[in-house]
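Taking it in order: structure first as structure tokens, then the write-up.
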Amino acid sequence: MRFVGNHVAPFEAGDLVLIGPQLPHTWVSTPAHAGRRHAATVLQIAPELLFHSALPELAALGGLVARAGRGLRITGAAHVAVTAALRELDAAGSDLARLALVIHLLGLLAEHEDDMAALGTLDEREAGMGERRIDRVLAWIDSRYSEALCVEEAARLVHVSPAAFSRYFRREVGKRFSEYVNDVRCSEACLLLARGERSVAAVAQACGFETLSNFSRQFQRRHGMTPGAFRKARRLG
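Throughout the sequence shown, residue numbering follows the numbering used here, covering 1060 to 1296 in sequence.
Shown next as structure tokens:
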């Protein structure tokens, strides 16, 4: 399972993620098959390289760094290009060659920014920005996911009709309002289950699920296992 901020999801070989500063993250694998090992390639880039370097062109990546504060999954053409650049970087023979490849890699990230999907939801720092209506809605969901949430109330938050809100939300987020709310609830449930301090039923209630059966169904749909199996896998991991 991949844990990035408040996002939890399965991962597979080739998983590629851009993570901003101070964002908690970890990958938890099931026990490897005999004779096989799980390995990860990590490239850490100091923020000073972008904001205090002698190359003012790199400062243009500030927006990408801000988006990475929630974690970005790299897909499509960006995945192919960045993976190739990481392999070249691993084989580079000198510090100068590595620096040139890092700058090249940053250029690839900027060029293919549309191939990056946000992983986490808004945190408390972002909630006060209010620059876009969707930001207000996502922050509202984050702060009230444990309650019963409805489209009508969300629509009132941004002063539109429920029908208009539903279309707007799906266009901005890429999924239905109820689907996103359950995504947030299941992500928070993963964190509570991993701590092991509450029963599965108590976790379901704390995360806003009215019935245990609905919680189990929604959780398994997203994570490929029941809440109880997830807790057991975390203990084994």
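For glycine and all other residues, C-beta sits at the position ideal for the given N, C-alpha and C.
Using the Cα positions of residue i and residue j, report the straight-line distance between them to the nearest angstrom.
i	j	result
residue 1071	residue 1098	12 angstroms
residue 1133	residue 1127	11 angstroms
residue 1264	residue 1236	20 angstroms
residue 1289	residue 1228	30 angstroms
residue 1105	residue 1080	9 angstroms
residue 1067	residue 1248	9 angstroms
residue 1069	residue 1205	23 angstroms
residue 1182	residue 1201	Note on residue 1182: pLDDT 47, under 50, position unreliable in the model; the coordinate value appears next. Cα to Cα, residue 1182 sits roughly 8 angstroms from residue 1201.
residue 1146	residue 1077	16 angstroms
residue 1294	residue 1096	20 angstroms
residue 1087	residue 1075	15 angstroms
residue 1281	residue 1060	11 angstroms
residue 1238	residue 1260	21 angstroms
residue 1123	residue 1258	39 angstroms
residue 1101	residue 1154	17 angstroms
Looking at the secondary structure, which residues open and close the beta strand (DSSP E) in which residue i lies?
i	result
residue 1131	1131-1133
residue 1062	1061-1063
residue 1067	1066-1068
residue 1176	1175-1177
residue 1084	1084-1086
May I ask you to check if the CB of residue i is nearer than 6 angstroms to at least one heavy atom of the ligand NAP?
i	result
residue 1267	In the structure on display, the ligand NAP does not appear, and there are no ligands present to speak of.
For the alpha helix (DSSP H) that residue i lies in, which residues bound it at each end?
i	result
residue 1159	1154-1170
residue 1218	Residue 1218 -> no alpha helix (DSSP H), and no H or E assigned at all.
residue 1206	Run containing residue 1206: none; DSSP gives neither H nor E here.
residue 1279	1271-1282
Do residue i and residue j have their CB atoms nearer than 7 angstroms?
i	j	result
residue 1262	residue 1250	no
residue 1285	residue 1277	no
residue 1301	residue 1167	Here the chain comprises residues numbered 1060 to 1296, so residue 1301 is not present and cannot be evaluated.
residue 1232	residue 1192	no
Since residue i and residue j are thought to touch, with beta carbons under 8 angstroms apart, how far apart are those beta carbons, to the nearest angstrom?
i	j	result
residue 1178	residue 1064	7 angstroms
residue 1164	residue 1136	That pair is no contact at about 14 angstroms.
Exercise. Do the segment 1194-1201 and the segment 1146-1164 meet, that is, are 3 or more Cβ pairs less than 8 angstroms apart?
Worked result: no
Exercise. For the 8 angstroms Cβ check, are there 3 or more pairs between the segment 1242-1251 and the segment 1260-1279?
Worked result: yes
For this session: Could you say if the segment 1208-1220 and the segment 1165-1175 meet the contact criterion of at least three C-beta pairs nearer than 8 angstroms?
Result: no
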